[in-house]
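Scroll down for the structure; my scribbles are underneath it.
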Amino acid sequence: MAKPNKKGPVRTVQISCLQCKTTLFKYRKGGKGALVKCFIERIVEDHTQTPCHCPGCGQEFARETMIRGTPAYKMIGGKVHMK
Numbered sequence: 182m183a184k185p186n187k188k189g190p191v192r193t194v195q196i197s198c199l200q201c202k203t204t205l206f207k208y209r210k211g212g213k214g215a216l217v218k219c220f221i222e223r224i225v226e227d228h229t230q231t232p233c234h235c236p237g238c239g240q241e242f243a244r245e246t247m248i249r250g251t252p253a254y255k256m257i258g259g260k261v262h263m264k
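Per the numbering used here, residue 182 is the first one in the sequence shown, and the count goes up by one each step.
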């Protein structure tokens, strides 16, 4: 499988916790579909202290995994909001 593009897309989206509305990170997202995974190398600003846990309410919003040989966060459905 091919690795994701290093430079990545230009469009940035803001990802926040659905429960407490805390900003989690700014991410360079490609395409126009739902947010299923976040490649760690594409995160522009990270506001979390511990990976995959919201700094506001402490709930787990993703799981760390390897996708196509690259570290990524696999999002848990209904835990994050993207705008």
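Ideal placement from N, C-alpha and C gives every residue a C-beta, glycine not left out. Predicted model, so just to flag it, every value in this text is computed and none were measured.
Query                                                                                                        : Result
Ile257, buried or exposed, once every other Cβ within 10 Å from all chains shown has been counted against 16 : exposed
Cβ pair Gly237, Thr193 closer than 8 Å                                                                       : no
Classification of Thr246 by the beta-carbon crowding that lies within 10 angstroms, buried from 16 upward    : exposed
CB-CB length for Cys235 against Cys198, believed under 8 Å                                                   : 4 Å
Beta-carbon proximity list for Lys264, same chain, < 6 Å, skipping 5 on both sides                           : Gln195
Rounded Cβ spacing between Gln230 and Gln200 (contact assumed at less than 8 Å)                              : In fact, because the Cβ distance is near 17 Å, the residues do not count as touching under 8 Å.
Alpha-carbon spacing of Lys184 relative to Thr251, whole angstroms                                           : 7 Å
Alpha carbon of Val191 to alpha carbon of Lys210, nearest angstrom                                           : 8 Å
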